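There are 2 protein chains.
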Amino acid sequence: MLAPTPQGVTPERRAVQFKLANGMEAVVIPDHRAPVVTHMVWYRVGAADGPSHRSGLAHFLEHLMFKSTEKIADGAFPKIVMELGGQLNAFTSQDVTVYHERIAREHLGEMMAMEADRMVNLRLTDEEVATERNVIIEERASRYDNSPNARLSEQMSAALYIAHPYRLPVIGWAHDIAQLSREDALAFYKRYYAPNNAILVVAGDVTPDEVRDLAVARYGKIPANPAVASRDRAKEPPHEVARRITLQDKRVANATLQRTYLTPSYATAEPGTAEALSVLMTIIGDGSTGRLYRRLVLEDKLAASAGAGYYGGGFDSGIIHMQAVALPHRDLGSLEAAVDAVLDEVRENGVSELELNRAKRSLRAAYTFESDEQERLAERYGRAQSVGRTIDEIEGWPAAISQVTTDDVKAAANTYLDMRRSVTGHLLPEITNGRSAQPRQVPAP
Amino acid sequence: MLAPTPQGVTPERRAVQFKLANGMEAVVIPDHRAPVVTHMVWYRVGAADGPSHRSGLAHFLEHLMFKSTEKIADGAFPKIVMELGGQLNAFTSQDVTVYHERIAREHLGEMMAMEADRMVNLRLTDEEVATERNVIIEERASRYDNSPNARLSEQMSAALYIAHPYRLPVIGWAHDIAQLSREDALAFYKRYYAPNNAILVVAGDVTPDEVRDLAVARYGKIPANPAVASRDRAKEPPHEVARRITLQDKRVANATLQRTYLTPSYATAEPGTAEALSVLMTIIGDGSTGRLYRRLVLEDKLAASAGAGYYGGGFDSGIIHMQAVALPHRDLGSLEAAVDAVLDEVRENGVSELELNRAKRSLRAAYTFESDEQERLAERYGRAQSVGRTIDEIEGWPAAISQVTTDDVKAAANTYLDMRRSVTGHLLPEITNGRSAQPRQVPAP
Chain A
1 MLAPTPQGVT
11 PERRAVQFKL
21 ANGMEAVVIP
31 DHRAPVVTHM
41 VWYRVGAADG
51 PSHRSGLAHF
61 LEHLMFKSTE
71 KIADGAFPKI
81 VMELGGQLNA
91 FTSQDVTVYH
101 ERIAREHLGE
111 MMAMEADRMV
121 NLRLTDEEVA
131 TERNVIIEER
141 ASRYDNSPNA
151 RLSEQMSAAL
161 YIAHPYRLPV
171 IGWAHDIAQL
181 SREDALAFYK
191 RYYAPNNAIL
201 VVAGDVTPDE
211 VRDLAVARYG
221 KIPANPAVAS
231 RDRAKEPPHE
241 VARRITLQDK
251 RVANATLQRT
261 YLTPSYATAE
271 PGTAEALSVL
281 MTIIGDGSTG
291 RLYRRLVLED
301 KLAASAGAGY
311 YGGGFDSGII
321 HMQAVALPHR
331 DLGSLEAAVD
341 AVLDEVRENG
351 VSELELNRAK
361 RSLRAAYTFE
371 SDEQERLAER
381 YGRAQSVGRT
391 IDEIEGWPAA
401 ISQVTTDDVK
411 AAANTYLDMR
421 RSVTGHLLPE
431 ITNGRSAQPR
441 QVPAP
Chain B
446 MLAPTPQGVT
456 PERRAVQFKL
466 ANGMEAVVIP
476 DHRAPVVTHM
486 VWYRVGAADG
496 PSHRSGLAHF
506 LEHLMFKSTE
516 KIADGAFPKI
526 VMELGGQLNA
536 FTSQDVTVYH
546 ERIAREHLGE
556 MMAMEADRMV
566 NLRLTDEEVA
576 TERNVIIEER
586 ASRYDNSPNA
596 RLSEQMSAAL
606 YIAHPYRLPV
616 IGWAHDIAQL
626 SREDALAFYK
636 RYYAPNNAIL
646 VVAGDVTPDE
656 VRDLAVARYG
666 KIPANPAVAS
676 RDRAKEPPHE
686 VARRITLQDK
696 RVANATLQRT
706 YLTPSYATAE
716 PGTAEALSVL
726 MTIIGDGSTG
736 RLYRRLVLED
746 KLAASAGAGY
756 YGGGFDSGII
766 HMQAVALPHR
776 DLGSLEAAVD
786 AVLDEVRENG
796 VSELELNRAK
806 RSLRAAYTFE
816 SDEQERLAER
826 YGRAQSVGRT
836 IDEIEGWPAA
846 ISQVTTDDVK
856 AAANTYLDMR
866 RSVTGHLLPE
876 ITNGRSAQPR
886 QVPAP
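Top to bottom, those sequences are chains A and B.
Read left to right, the first sequence gives residues 1 to 445 (this note's numbering).
Read left to right, the second sequence gives residues 446 to 890 (this note's numbering).
This is the structure:
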């Protein structure tokens, strides 16, 4: 049996980081179980960095990055990776845009050469832009406009943030997507795609020295872009009002309740606060052992499913989210009362040592499982580094979770499960158009 | 007895407009009842044109415009106007920033010289900027933060607009005001304050030729600024969800209900639509003859006051607003049900010819009374011209109102009194902090 890691002691570092002369940062996470590598480039730019009247621009550019450069023809990038036996993908979030490949170790240099090439040599024709714009318009229609739950989530974000650009959807509003131009994309590309705004993450069967040599040769020759400036996003004013939205959609089979609360993130919170929120929301919302599931699904038989969680990865803020799907003939008012009773109970009486320890074990176990999947491992470092967290903070997370106390959890509940920070969303099947299908205030008993 | 003006016939024009070679527009409205003039400069820039992470910038600059130029010392501008027996003021809205003086006719040339001077020669010291920033911080604290109703209104706007900058308060969020700098103000000034972004409005005891000669001499020598670009603000996505907010404030004496709906404005609506909205909301909400007042105050005895209106002056959109203050021991749920019953009735059965004609008479009378007040008369032209409306549209408004039919009113009610366009706000006295003091959904009967 292994001795437990003493609390508060940071374990020996696994990842190695360095910086190129042009400002590009790099993290290497050795993983020698198989002769493969995960190669990622994280740009410190996401949907929330675009101009607010051009929502969707960061995601649009992500699509266009698979168009041509002088060396690589339109559509050839994925073909080359796949012919080498690799896999590739890309994604855009509010804070980052990420390109990654998983490939045999001997091709890492070639992947770097290709990513370095499209970091600065992207060419775009009006036709390529028009084609891709239509692809995204279709993507939006199928993934968002045709999904009542996605529509509600989009409106929940729009209602949660008063000033901050996190309120805008990453994919963009349909009317904004339709207006995105080649000039918009190139201006954004030239301002934000540069080695001094990028983080190279390589996990896999390589040594830090090997990665450094390859990176210097491929990425090192790109000059820094002095136009890259630090983020200057709109900040939220104090949240003073509880907000509610109701979406009616005839395609809804089961009425659904969502709730979100604005919180700090790991990048913005005082030490220990985000960790307490992680533990708190594991106890309240994680799977079938969470309090919400036990109360709404098992005990009260109101909901088909119920869960909650805390996302603490944001650059400017974090979020608590909850969701419950009503059983037929159960109304959302009853669901919401049951949710509030669960939250009231935690605020008033806190959580037990048993729950605390179970939640900590569960979180540490998730960290361990994640460490076994190379791509998720690489993503962990990229995500945290791109919002300014250090290797020590990333690797010290299990130890920091271990330090959370029941008092910390109760304090976090009382500070952050505050309706003034919240949006409550009701998704209902019936359509009543102009009529007020809103909940009425019930007079106090 | 006078014959009524035939419907649809535009009366003879009262105002005369012309344009200077540098792009500055001018409107002159002769009014020879007294030897005074109202002199206004309308800049086509307002709070909604500033960068979204610098809310309050347009209003901040309005304050700073009373600081020094080379010719006029800090604070001397108001003193000069007052020593000449004049009055002066300035205001900032979402769409415009306006400076105006009312003064004896012989001083008009001097007023123009002073306005022309500060259009381009403003000097700002860091000390002046710091002083004025503190003035505005105090202004915000006293007018907004200390007023529960103003706080609710501010949050109603934040909740109504998803993407458009009308969601931000004209005065700015406190944390943004605290960051506004001399550089922010000067950059905004240099981009937007220019003759080709301004409208001169002069009403009073002058002829158009006199005004033209004075304007050419004073404003005509300022070169046009090619940096002035047309507005490119974020546009609203379709509004799909009804929104609700609850603000609790212990200083609230009587619970208050507010509701707003997003609508077109006179500048954006199809012909006749904004006029129908004006008539509709006069019937529903105007004073003690409006349907809301009759139902909530007189019949049901739920409210101490109740009213509603339509503001159609915006560049990008209009708004319907309603407010009702509960009598003691009356809850907002009952008030809201009564409001919805009034709106349902109009949507289903429309309005009577009697109500229609009374509302038209009332609107035309308001236009006539406004024409008798020189400052409001001048403001009418400035406001409409600054959002792109023509003299014919301004002066043809009473005739356009006359053409509204009961069918138009019913159609407007059905299209625009749609909960998906709305925000409902509850202002409540009690404080329950973290607890959910939200209305519960009442199961359908």
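Note that beta-carbon positions come from the ideal geometry of N, C-alpha and C, so glycine has one too.
Since this is a predicted model, take the numbers as computed values, not measurements.
{"Query": "Which residues does DSSP pair with K910 of chain B in a beta bridge?", "Result": "Because residue 910 of chain B is not part of the residues shown, which for chain B are 446 to 890, the question remains open."}
{"Query": "First and last residue of the beta strand (DSSP E) that includes N89 of chain A?", "Result": "Q87 to T92"}
{"Query": "Going by alpha carbons, who is nearest to M485 of chain B out of B:D789, B:E457, B:H498 and B:Q532?", "Result": "B:Q532"}
{"Query": "Pop quiz: G827 of chain B and I644 of chain B are said to be a contact at Cβ under 8 Å. What is the actual Cβ separation, rounded to whole angstroms?", "Result": "6 Å"}
{"Query": "Beta-carbon of S723 of chain B versus every beta-carbon of chain A: anything under 8 Å?", "Result": "no"}
{"Query": "Within its chain, find whatever has a CB closer than 7 Å to the CB of V325 of chain A; leave out the 5 residues flanking it on each side and keep chain order.", "Result": "N254, T256, A303, A304 and S305"}
{"Query": "Listing by chain order, which chain E residues have their CB less than 7 Å from the CB of A679 of chain B?", "Result": "Of the protein chains in this structure, namely A and B, none is chain E."}
{"Query": "Would you list the residues sitting across from M40 of chain A in a DSSP beta bridge?", "Result": "A:H100 and A:V201"}
{"Query": "Between the C-alpha atoms of E572 of chain B and N534 of chain B, what's the straight-line distance to the nearest angstrom?", "Result": "23 Å"}
{"Query": "Closest by CA to A844 of chain B, which one among B:D817, B:N594, B:T813 and B:A857?", "Result": "B:T813"}
{"Query": "DSSP on Q693 of chain B, reduced to helix/strand/coil?", "Result": "strand"}
{"Query": "By Cβ distance, which residues of its chain are closer than 8 Å to A15 of chain A, with the 5 residues on each side in sequence left out?", "Result": "V27, V28, I29, Y381, I391, I394 and E395"}
{"Query": "Going along the region 610 to 621 of chain B in order, which residues come within less than 9 Å of chain A, judged by CB to CB distance?", "Result": "P610, R612, L613, P614, W618, A619, H620 and D621"}
{"Query": "May I ask which residues mark the beginning and end of the alpha helix (DSSP H) holding L259 of chain A?", "Result": "Per the sequence shown, the amino acid found at residue 259 of chain A is Arg instead of Leu. Looking at the DSSP string, R259 of chain A is not in any alpha helix (DSSP H); the run it does join, the beta strand (DSSP E), is T256 to T263."}
{"Query": "Please check the pair S867 of chain B and A669 of chain B, which I expect to be a contact at CB under 8 Å, by giving their CB distance rounded to whole angstroms.", "Result": "Actually they are not in contact, since the Cβ atoms of S867 of chain B and A669 of chain B sit about 43 Å apart, beyond 8 Å."}
{"Query": "Ordered along the chain, which non-local residues of its own chain (more than five positions away) have a Cβ less than 6 Å from that of V724 of chain B?", "Result": "A804, V849 and V854"}
{"Query": "H164 of chain A to E62 of chain A, Cα distance in whole Å?", "Result": "22 Å"}
{"Query": "Using only alpha-carbon positions, find the residue among B:L780, B:V832, B:T860 and B:I846 that is nearest to A810 of chain B.", "Result": "B:I846"}
{"Query": "Near R13 of chain A, what residues of its chain come up, given a Cβ to Cβ distance below 7 Å and the 5 sequence neighbours on each side ignored?", "Result": "I391 and E395"}
{"Query": "May I ask you to verify whether the region 162 to 180 of chain A touches the region 244 to 251 of chain A, counting CB pairs closer than 8 Å and requiring at least 3?", "Result": "no"}
{"Query": "For R636 of chain B and A672 of chain B, which I take to be in contact (beta-carbon distance under 8 Å), what is that distance rounded to the nearest angstrom?", "Result": "5 Å"}
{"Query": "Using the Cβ count rule (16 or more neighbours within 10 Å means buried), how would you classify E560 of chain B?", "Result": "buried"}
{"Query": "Just the Cα atoms here: how many angstroms apart are K19 of chain A and E25 of chain A?", "Result": "4 Å"}
{"Query": "Once you ignore the five residues that flank A384 of chain A on each side, which residues in its own chain have a CB closer than 6 Å to its CB?", "Result": "I394"}
{"Query": "Since A603 of chain B meets chain A, which of its residues come closer than 7 Å, beta carbon to beta carbon?", "Result": "I162"}
{"Query": "Rounded to whole angstroms, what's the CA-CA distance from S762 of chain B to T537 of chain B? Just pull it up for me.", "Result": "17 Å"}
{"Query": "Indicate whether at least one CB of chain B lies closer than 8 Å to the CB of P30 of chain A.", "Result": "no"}
{"Query": "Starting from V787 of chain B and walking both ways along the alpha helix (DSSP H), at which residues does that stretch end?", "Result": "L777 to N794"}
{"Query": "Using 7 Å as the cut-off, classify the Cβ of A274 of chain A as near or not near the heavy atoms of the ligand NAD, replying yes or no.", "Result": "This structure does not include the ligand NAD; it has no bound ligands of any sort."}
{"Query": "Quick one: does K182 of chain A have its CB under 8 Å from some CB of chain B?", "Result": "In the sequence as displayed, the identity of residue 182 of chain A is Arg instead of Lys. Chain B, which has no Cβ nearer than 8 Å to the Cβ of R182 of chain A, makes this no."}
{"Query": "Does DSSP classify Q155 of chain A as helix, strand or coil?", "Result": "helix"}
{"Query": "Helix, strand or coil for R105 of chain A per DSSP?", "Result": "helix"}
{"Query": "From this set, A:F60, A:D300 and A:G285, which residue's C-alpha is nearest V135 of chain A's C-alpha?", "Result": "A:F60"}
{"Query": "Would L152 of chain A be called buried (16 or more neighbouring beta carbons within 10 Å of its own) or exposed?", "Result": "buried"}
{"Query": "Measuring only between beta-carbons, confirm whether L327 of chain A sits less than 8 Å from chain B.", "Result": "no"}
{"Query": "What's the gap between the Cα of P874 of chain B and the Cα of V656 of chain B?", "Result": "54 Å"}
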